[in-house]
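Numbering (the numbering used here), first residue to last: 265 to 575. C-beta: ideal position from N, C-alpha, C; glycine also.
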Amino acid sequence: MKKVVFLLLIAYGLSLTAVLALGQSGTDIAVLNAGVGARPLAMGGAFTAIADNADAPYWNPAGLGFITSQEITCSQTRLSTDADHYYLSYVTPALGGTIGLSWIQVGLGNIAQTSSEVDIHNEVQDISLFSYFSNAYLISFGKKLNDHIAFGLTAKYLSSEMFGISGGSGWGYSLTPGIMIRFGNSSSVSRLPYPVTLGFKIDELVNTQQWGTGTVENVPPKARLGLSWFPWSESRVAVDVSQTVKSNYSPEVATGFEWSDRGLSFRAGYNASGLTAGVGFVVGHVIVDYGYVSQELSRSNVHRISFGGIW
265 MKKVVFLLLI AYGLSLTAVL ALGQSGTDIA VLNAGVGARP LAMGGAFTAI
315 ADNADAPYWN PAGLGFITSQ EITCSQTRLS TDADHYYLSY VTPALGGTIG
365 LSWIQVGLGN IAQTSSEVDI HNEVQDISLF SYFSNAYLIS FGKKLNDHIA
415 FGLTAKYLSS EMFGISGGSG WGYSLTPGIM IRFGNSSSVS RLPYPVTLGF
465 KIDELVNTQQ WGTGTVENVP PKARLGLSWF PWSESRVAVD VSQTVKSNYS
515 PEVATGFEWS DRGLSFRAGY NASGLTAGVG FVVGHVIVDY GYVSQELSRS
565 NVHRISFGGI W
């Protein structure tokens, strides 16, 4: 086991070295920045080493390798920027592993373009109206090598459309690989899962975005390392450290906590945007999660609610 882990760390070290050699243009893929899932967001986004539900395609596709049931989740949120955020994800065991299909949309409709000068009544005039929609379509696959190690990959197709703006349409793609390693042994007697889990992924390892103006962009990849452990059978603590692979970017740290017992969960977390918190309920096949998070740009708090099912 130690030899396998050592070889895997070497392999991912070489992958990270390759990332450092990639182009450093571009900034972010906006539709992917708001995060998904009330549960992981309530834990501050420290979910790379957890990713054990239908949110796995986004947070770490390697987590799919350990999922053995079908699950679906969805949410609709009004972000602090007044944009609408839609999210739908479904995972199911197939092809010797687990497949995930997800859709994310950020939309802002009927934005008025106004004149730079006022009229005789000292009022600005509406010149035109335009709207903006950005979509991400994710297809993921995860497979476990054994009870301790799983690999995964998420492919993303991206589309953006600014109606009423010349050259405002665009498309692109990206690839995110991930790995998850579970240490120790699961115990049915104490109800303690694998006590320590390590997760690692590289968001947008390969990516491109092309716009109607002819501009082509490549965002810098972001490496994310996560650790989760169970100090007690009902409690989980998680820490994520992420680093944008580009000069002048500092590491980002996210921490999360989750207490669960008999279908009821309480969560809390912290990241660069501030404190987060939430609760969750599982009743039969129905899952409801609530997260209270903050947005980095506006610092305004946003409520996230996810509805789902598992069978």
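Would Leu469 be called buried (16 or more neighbouring beta carbons within 10 Å of its own) or exposed? Translated into positions along the sequence shown, residue 469 becomes position 205. Per the 10 Å Cβ criterion, buried.
Let's see if you can read the secondary structure: which residues bound the beta strand (DSSP E) around Tyr513? Residue 513 sits at position 249 when you count from the first residue of the sequence shown. Careful: Tyr513 lies outside any beta strand (DSSP E) and carries neither H nor E.
How would you write the range of the beta strand (DSSP E) that Trp323 sits in, first residue to last? Within the sequence shown, residue 323 is the residue found at index 59, counting from 1. Where Trp323 is concerned, there is no enclosing beta strand (DSSP E), although the alpha helix (DSSP H) it sits in stretches over 320 to 323.
Kindly indicate which three-state DSSP category Leu528 falls into: helix, strand or coil? Within the sequence shown, residue 528 is the residue found at index 264, counting from 1. Strand at Leu528.
Flag this pair as yes or no: are the beta carbons of Ala320 and Gly463 separated by less than 8 Å? On the sequence shown, position 56 is the one that residue 320 refers to. On the sequence shown, position 199 is the one that residue 463 refers to. No, they are not a contact pair.
Sort Val547, Glu425, Ser497 by Cα distance to Pro459 and report the nearest one. The residue given as residue 459 occupies position 195 in the sequence shown. Cα-wise, what sits closest to Pro459 is Ser497.
Which residues does DSSP pair with Gly361 in a beta bridge? As a working note, residue 361 is residue 97 in the sequence shown. In DSSP, Gly361 forms a bridge with Ala358.
Taking only heavy atoms of the ligand COA into account, decide whether any of them is closer than 7 Å to the Cβ of Gly442. Among the components of this structure there are no ligands whatsoever, and the ligand COA is therefore not found.
Excluding five sequence neighbours on each side, which residues of the same chain lie with their C-beta closer than 6 Å to the C-beta of Gly421? Here the question's residue 421 lines up with position 157 in the sequence shown. The question names Gly, but residue 421 is Tyr in the sequence shown. Excluding residues within five positions, the ones whose Cβ falls inside 6 Å are Tyr401, Tyr437.
Which of helix, strand or coil DSSP assigns to Val470: If you number the sequence shown from 1, residue 470 lands on position 206. Three-state DSSP puts Val470 in a strand.
Output needed for Phe521: all residues of its chain with C-beta closer than 8 Å, excluding positions within five of it in sequence on either side, in chain order. For the purposes of this step, residue 521 is identified with residue 257 of the sequence shown, where counting begins at 1. Here the set comprises Met307, Ser499, Arg500, Val501, Ala502, Arg531, Ala532, Gly533.
Which residues does DSSP pair with Tyr458 in a beta bridge? Translated into positions along the sequence shown, residue 458 becomes position 194. None; Tyr458 has no bridge partner.
Please state the DSSP three-state secondary structure of Gly330. Sequence index remark: in the sequence shown, residue 330 carries index 66 (1-based). Looking at the sequence provided, one finds Phe at residue 330 rather than Gly. In the structure shown, Phe330 sits in a helix (DSSP, three-state: H, G or I).
Cα-Cα separation, Gly299 to Tyr556: Indexing the sequence shown from 1 puts residue 299 at position 35. Indexing the sequence shown from 1 puts residue 556 at position 292. If you take the alpha carbons of Gly299 and Tyr556, they lie about 13 Å apart.
Selection from Phe311, Gly432, Gly301, Ala302 that minimises the alpha carbon distance to Val517: In the sequence shown, counting from the first residue as 1, residue 517 sits at position 253. Val517 has its Cα closest to that of Phe311, out of Phe311, Gly432, Gly301, Ala302.
Spatial neighbours of Leu215 in its chain, beta-carbon cut-off 6 Å, leaving aside the 5 residues before and after: The structure shown does not extend to residue 215, since the chain is modelled only from 265 to 575, so the question has no answer here.
Would His349 pass as a contact of Thr341 if the rule is Cβ separation under 8 Å? Position 85 of the sequence shown, counted from the first residue, corresponds to residue 349. Position 77 of the sequence shown, counted from the first residue, corresponds to residue 341. Yes.
Apply the 10 Å Cβ neighbour rule to Trp523 and answer buried if 16 or more other Cβ atoms are within range, or exposed otherwise. As a first step, residue 523 must be located in the sequence shown, where it is residue number 259. With fewer than 16 other Cβ atoms within 10 Å, it is exposed.
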